[in-house]
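Below is one structure, written out as structure tokens; comments come after it.
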Amino acid sequence: MKAFLRKITGNHEVSLAIILVVLFLVVDILSGFKFHGIENIGDIFKNNALTLIMSLGMLCVLITGGIDISITGTLAFAGMTIGLLQKYDIIHNTLLLFVIALAIGAACGFINGLIIAKGKVSPIICTLGAMYIYRGLAYVISNNQWASGEDVTSFSKFGNSAGPYIILALAFVIYFVVMKWTPFGRKVYAIGSNREAARISGINVDRVEIAVYTLMGLLAGLAGALSVSIYGSAQPNMQTGKEMDVIAACVIGGVAMSGGRGTVVGTLLGGIFYAVVYKALPLVGLEAIWQNLIKGVIILGVVIINVLTQRAMNRQALARREI
Amino acid sequence: MSDELILELKGITKIFPGVKALNNVHFQLRKGEVHALMGENGAGKSTFIKVITGVFPPEEGQIFLEGKEVVFKGTKDSLAVGIAAVYQHPTTYPDLSVTENIFMGHQIKNGPFMNWKAMHAKAAELLGRLNADFDPKSEMGTLSVAQQQMVEIAKALSTNARIIILDEPTASLTANESKELYRIVKQLRDEGVSIIFISHRMEDMYELADRVTVFRDAQYIGTYDVNGITTADLVKAMVGREIKDMYPKPEVKIGDEVIRIENLSRVGYYKDVCLNARAGEIVGLTGLVGARRTEVMESVCGITKPSAGNVYLNGEKLKIKTPKDAMDAGIILLPEDRHKEGLILSWGLGMNVTLPVQDKLAKIHFFNDNKTEREMSRDLLESVDTKAVTIFDPASSLSGGNQQKVVVAKSLANDNMKVIILDEPTKGVDVGAKAEIYAIIGELALKGYAVIMISSEMPEILGMCDRIYVMCNGRVTGCLDRAEADQEKILNLAMLEKGKAVEQA
Chain R
1 MKAFLRKITG NHEVSLAIIL VVLFLVVDIL SGFKFHGIEN IGDIFKNNAL
51 TLIMSLGMLC VLITGGIDIS ITGTLAFAGM TIGLLQKYDI IHNTLLLFVI
101 ALAIGAACGF INGLIIAKGK VSPIICTLGA MYIYRGLAYV ISNNQWASGE
151 DVTSFSKFGN SAGPYIILAL AFVIYFVVMK WTPFGRKVYA IGSNREAARI
201 SGINVDRVEI AVYTLMGLLA GLAGALSVSI YGSAQPNMQT GKEMDVIAAC
251 VIGGVAMSGG RGTVVGTLLG GIFYAVVYKA LPLVGLEAIW QNLIKGVIIL
301 GVVIINVLTQ RAMNRQALAR REI
Chain S
1001 MSDELILELK GITKIFPGVK ALNNVHFQLR KGEVHALMGE NGAGKSTFIK
1051 VITGVFPPEE GQIFLEGKEV VFKGTKDSLA VGIAAVYQHP TTYPDLSVTE
1101 NIFMGHQIKN GPFMNWKAMH AKAAELLGRL NADFDPKSEM GTLSVAQQQM
1151 VEIAKALSTN ARIIILDEPT ASLTANESKE LYRIVKQLRD EGVSIIFISH
1201 RMEDMYELAD RVTVFRDAQY IGTYDVNGIT TADLVKAMVG REIKDMYPKP
1251 EVKIGDEVIR IENLSRVGYY KDVCLNARAG EIVGLTGLVG ARRTEVMESV
1301 CGITKPSAGN VYLNGEKLKI KTPKDAMDAG IILLPEDRHK EGLILSWGLG
1351 MNVTLPVQDK LAKIHFFNDN KTEREMSRDL LESVDTKAVT IFDPASSLSG
1401 GNQQKVVVAK SLANDNMKVI ILDEPTKGVD VGAKAEIYAI IGELALKGYA
1451 VIMISSEMPE ILGMCDRIYV MCNGRVTGCL DRAEADQEKI LNLAMLEKGK
1501 AVEQA
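Residue numbers (our numbering), protein chains in the order written: chain R, 1 to 323; chain S, 1001 to 1505.
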């Protein structure tokens, strides 16, 4: 039993999963068993699809020891572009629109990666600038106009189908495999754990870093397209501030801001945890004005627990080393 | 030196969760004595120092200062009675001035304000006492390691310390800087300060110490007069067994030239460096710190870019831009700083070892983390005889010597290697593990690798190398054959361009 307990508390994912299940049950009971319906769960995923998708890219960025706060700017730029393409009846092909959004996102991410890896600019500074630039581009190209529901009618059919769920599931499966079982994943972790050692071990650190930011941008572009498709409109100010939710989901999922540590499963659980709380608050009778406060408390609480468990693990490792 | 004891520790036992770090150890320090504390890594020396300075209160045992029992609850208590420690890696504030570093924690104040004038004056006086040639207002980060160490000693003196503990003071110093340190230590001793120092270097002990205490496996082994014990006996006391041959240099039939470096230059670092190494040959590269040995080899391995010159491998000119290019060609560098550049400490050994061959493994089997990878890392670690439990043990759990072996195993992961460059392979490694690392280096030569070994340690350079290149100020000043090389010739070459240099012998 003791060993079992230690195993649970020693593994962030397992403990988070247990907390999640308990939380789910509590909310379900408090809400009079209205929470566990398939529709409601579907809603949770759909409403948080953007955060969840982008958290995968953010996971990699954070593991390398970086950060990207320009993602919602990228999202808006890509989303606005395809919104306008429909508004002015230039393109209405859903697949093509997705490809365009992905390409714009990847280009934005690539530029970030290039500046960070080759220019040695600190990631937060680089993406802070990029955040304003990409968001600004969304405003400039749209001239502060919206693309409304009528403009994107055919495109939003995809958002109301099973499409977003499939994309979400695929993205997580691909990332899980890549991060766990491929050289690329191993290199990302290596760079975050010890950049110099990775470089001397023959890893092209710059290239991996550029790839990580490009993938982040790609997913932000994807999120832009999904946002237009799911919510049926495009505005230059869409999803402002959501980058913090993405980072928060990663952190709750056990990703270390200092780099080197974090998993896809943890990120998924972190994202769901965040989403469940968000969804549950009104159901258990807490008004929307409470949401930010509760969010903050949860983030800090989880981070403090993370620090404490990590410290305990380090102490155990040290005890083993001491002779 | 009198026979009067200034410090005595009796029956000290210190327990950490699960382990006894010190088991009933004793120690006696006489007034005005230099006392060496020796033992392998993990013998408990560092823990012992922390008991003396009050960082770790012991579970059992007593500490007597001048015959009176004392209890230290923290470093403040030990500092108050005049015990100061200077640690292996200077624990300084690189962005602050020397004065600020010296008086950190016990600033001289004028009411509520800092009295900078008095502190600068006092700092200058302390540094003058140590014959230091730098200004107390200079920034700590701009000083060399040796100078930083002087500041640390000055800091100890500024607290009026009667007992100074030096933890591996010469580990990152060159031969010349060590001599300077010896001078300072002797001067302090003559002024009546008692000194405990920890070192892996036998030279240090013979040069300085009056007596030596040996710890092994957390136990007290004995205290000896330095003049009354032979090196072999001392090593035996430390290691617990006899080391027959410290430098097992194998007889290798030396093959053809493998690597040739021609007129390699990097502006501001080194110029016109020429050297070569043949298959099965161990080539030493030595010189004082600042001779730019590491910098040359970093360029050869693609870590930095040379501004001129060429590297040839088996007669073919190489174009190396990244460490990966060098590795693909067959040249690998084992960096000096194992923690910063050699290993990913939080990772298991297996993953560390196979890191350089991720892409190759992926060609055999798309997904990594599989049997091939695990078997490969197990074989490699076995080939260097690492004392690890499993390949999943984190690299941080190993001692310095074993970590170095893992770095060697890692360099062998690529089977196309031809040139292995080791940068200070035994730095911070204890005597027993040193002998093992030398044996591994010998085996590498036997297997036909061309081995280039950067080292500041004279005995290992003389003991292991077929040829020895000496650098000074970014230039190669000479190359000595094994037969003709001796300490004096090497030192002459190493100081050839420093003005006060001696004529080449």
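Glycine included, each C-beta is placed from N, C-alpha and C at the ideal position.
Starting from PHE1072(S), trace the alpha helix (DSSP H) in both directions and tell me its first and last residue.
Here residue 1072(S) corresponds to residue number 72 of the second sequence, with the count starting at 1. Segment: none, PHE1072(S) is in no alpha helix (DSSP H) and carries neither H nor E.
Report the neighbours of LYS187(R) on chain S: residues whose CB is nearer than 7 angstroms to its CB, in chain order.
Counted from its first residue, the first sequence places residue 187(R) at position 187. Ordered by position in chain S, the residues that pass the 7 angstroms Cβ test against LYS187(R) are GLN1358.
When you compare the CB positions of PHE1056(S) and LEU1009(S), do they come within less than 9 angstroms of one another, or not?
Counted from its first residue, the second sequence places residue 1056(S) at position 56. Counted from its first residue, the second sequence places residue 1009(S) at position 9. The answer is no: Cβ separation not under 9 angstroms.
Assigned secondary structure, ASN1131(S) (DSSP; H/G/I helix, E/B strand, else coil)
Against the second sequence, residue 1131(S) aligns to sequence position 131. If DSSP states are grouped into helix, strand and coil, ASN1131(S) belongs with coil.
Assign THR1477(S) to one of three DSSP states: helix, strand, or coil.
Here residue 1477(S) is taken as the residue at index 477 of the second sequence, counted from 1. Note: THR1477(S) maps to strand in three-state DSSP.
Residue range of the beta strand (DSSP E) that ARG1278(S) falls in?
Taking the second sequence and counting its residues from 1, one reaches residue 1278(S) at position 278. From DSSP, the beta strand (DSSP E) with ARG1278(S) extends over 1270 to 1278.
Between ASP1328(S) and ASN1416(S), is the Cβ-Cβ spacing less than 9 angstroms?
For the purposes of this step, residue 1328(S) is taken as the residue at position 328 of the second sequence. For the purposes of this step, residue 1416(S) is taken as the residue at position 416 of the second sequence. Yes, they are a contact pair.
Does the CB of THR1092(S) have a neighbour CB from chain R at under 9 angstroms?
To locate residue 1092(S), count along the second sequence from 1; it is residue 92. Output row for THR1092(S): interface = no.
Between the C-alpha atoms of VAL1502(S) and TYR1182(S), what's the straight-line distance to the nearest angstrom?
As a first step, residue 1502(S) is located in the second sequence; it is residue number 502 there, counting from the start. As a first step, residue 1182(S) is located in the second sequence; it is residue number 182 there, counting from the start. Confidence at VAL1502(S) is low in this model, with a pLDDT of 36, below 50, so the placement of that residue is unreliable and no value is reported for it.
Can you list, in chain order, the residues of its chain with a C-beta nearer than 7 angstroms to that of ALA17(R)? Leave out the 5 residues immediately preceding and following it.
Translated into positions along the first sequence, residue 17(R) becomes position 17. The answer, listed in chain order, is LEU269.
Members of the region 1325 to 1341 of chain S that neighbour chain R once the beta carbon cut-off is set at 7 angstroms:
MET1327, LEU1333, PRO1335, LYS1340 and GLU1341
Taking only beta carbons into account, state which residues of the region 264 to 277 of chain R come closer than 7 angstroms to chain S, listed in chain order.
none
Between which residues of its own chain and GLY1315(S) is the CB-CB distance below 6 angstroms, once the five residues before and five after are set aside?
Position 315 of the second sequence, counted from the first residue, corresponds to residue 1315(S). Within the same chain, GLY1315(S) has no close Cβ partners at all.
Boundaries (first-last residue) of the beta strand (DSSP E) holding CYS1472(S):
The count along the second sequence starts at 1 and reaches residue 1472(S) at position 472. Here the beta strand (DSSP E) through CYS1472(S) covers 1467 to 1472.
May I have the straight-line CA-CA distance separating LEU102(R) from VAL264(R), to the nearest angstrom?
Locating residue 102(R) in the first sequence gives position 102, counting from the first residue. Locating residue 264(R) in the first sequence gives position 264, counting from the first residue. Cα to Cα, the separation comes out at about 21 angstroms.
Counting only the same chain and skipping the five closest in sequence on each side, list residues whose C-beta sits under 7 angstroms from that of ARG1292(S).
What you label residue 1292(S) is simply residue 292 of the second sequence in a count that begins at 1. Hits under 7 angstroms: TYR1269, TYR1270, MET1471 and GLY1474.
Just to confirm my understanding: we take SER156(R), look at its own chain, exclude 5 residues before and 5 after, and list those with CB closer than 6 angstroms. What are they?
By 1-based counting over the first sequence, the position of residue 156(R) is 156. Within the same chain, SER156(R) has close Cβ partners SER229 and GLY232.
Compute the Euclidean distance between the alpha carbons of THR1099(S) and LEU1079(S), then round it to the nearest angstrom.
Translated into positions along the second sequence, residue 1099(S) becomes position 99. Translated into positions along the second sequence, residue 1079(S) becomes position 79. Taking the straight line from one Cα to the other gives about 19 angstroms.
For LEU1264(S), which beta-bridge partners are listed by DSSP?
Taking the second sequence and counting its residues from 1, the one referred to as residue 1264(S) is at position 264. Paired residues: VAL1273(S).
First and last residue of the uninterrupted beta strand (DSSP E) at LEU1515(S)
Past the boundaries of the shown model lies residue 1515(S); chain S is included only from 1001 to 1505, so the question cannot be answered.
Between the region 1253 to 1273 of chain S and the region 1228 to 1237 of chain S, do three or more beta carbon pairs fall short of 8 angstroms?
no
So what does DSSP say about TYR1224(S), is it helix, strand or coil?
The residue given as residue 1224(S) occupies position 224 in the second sequence. Looking at TYR1224(S) - three-state DSSP - the assignment turns out to be strand.
Report the residue from VAL27(R), TYR88(R) and LEU97(R) whose alpha carbon sits nearest the alpha carbon of LEU222(R).
Within the first sequence, residue 222(R) is the residue found at index 222, counting from 1. The residue with the shortest Cα to Cα distance from LEU222(R) is LEU97(R).
Report the neighbours of SER193(R) on chain S: residues whose CB is nearer than 7 angstroms to its CB, in chain order.
Working through the first sequence from its first residue, we reach residue 193(R) at position 193. Those within 7 angstroms of SER193(R) in chain S are ILE1344, SER1346 and TRP1347.
Along chain R, in chain order, which residues have C-beta atoms closer than 8 angstroms to that of ILE1303(S)?
Indexing the second sequence from 1 puts residue 1303(S) at position 303. The contacting residues are ARG199 and ILE200.
Smallest Cα separation from ALA1021(S): which of ALA1043(S), GLU1207(S) and PRO1356(S)?
Within the second sequence, the letter at position 21 stands for residue 1021(S). Answer by Cα proximity: ALA1043(S).
What residue range is occupied by the uninterrupted alpha helix (DSSP H) comprising SER15(R)?
Position 15 of the first sequence, counted from the first residue, corresponds to residue 15(R). Looking at the DSSP string, the run of the alpha helix (DSSP H) that includes SER15(R) is 12 to 30.
Inter-residue Cα distance where the pair is GLU1180(S) and ASP1190(S):
Start at 1 with the first residue of the second sequence, and residue 1180(S) comes out as number 180. Start at 1 with the first residue of the second sequence, and residue 1190(S) comes out as number 190. Their Cα atoms are separated by approximately 15 angstroms.
Can you tell me whether TYR1438(S) is buried or exposed? The criterion is at least 16 other CB atoms within 10 Å of its CB, across all chains shown.
Start at 1 with the first residue of the second sequence, and residue 1438(S) comes out as number 438. Flag for TYR1438(S) reads buried.
Hey, would you say ALA395(R) sits closer than 9 angstroms to ILE100(R), going by beta carbons?
A query on residue 395(R) cannot be resolved here, the shown segment of chain R reaching from 1 to 323 and no further.
Is the distance from the Cβ of LEU1349(S) to the Cβ of THR1386(S) below 9 angstroms?
Taking the first residue of the second sequence as 1, we reach residue 1349(S) at position 349. Taking the first residue of the second sequence as 1, we reach residue 1386(S) at position 386. Result yes, Cβ atoms of LEU1349(S) and THR1386(S) sit closer than 9 angstroms.
Assigned exposure category for SER369(R) - 16 Cβ within 10 Å defines buried:
Any property of residue 369(R) remains undetermined from this structure, which presents chain R solely from 1 to 323.
DSSP three-state label for VAL1081(S), please.
Numbered from its first residue, the second sequence carries residue 1081(S) at position 81. Coil at VAL1081(S), not helix or strand.
So, helix, strand or coil for ARG1201(S), using DSSP?
Stepping through the second sequence from its first residue, residue 1201(S) is reached at position 201. Coil.
Return yes when the Cβ of LEU1422(S) is within less than 9 angstroms of the Cβ of ILE1441(S), no when it is not.
Taking the second sequence and counting its residues from 1, the one referred to as residue 1441(S) is at position 441. Taking the second sequence and counting its residues from 1, the one referred to as residue 1422(S) is at position 422. Yes, these two residues count as a Cβ contact at 9 angstroms.
Bounding residues of the alpha helix (DSSP H) (the contiguous stretch that carries TYR132(R)):
Taking the first residue of the first sequence as position 1, residue 132(R) is located at position 132. Here the alpha helix (DSSP H) through TYR132(R) covers 123 to 142.
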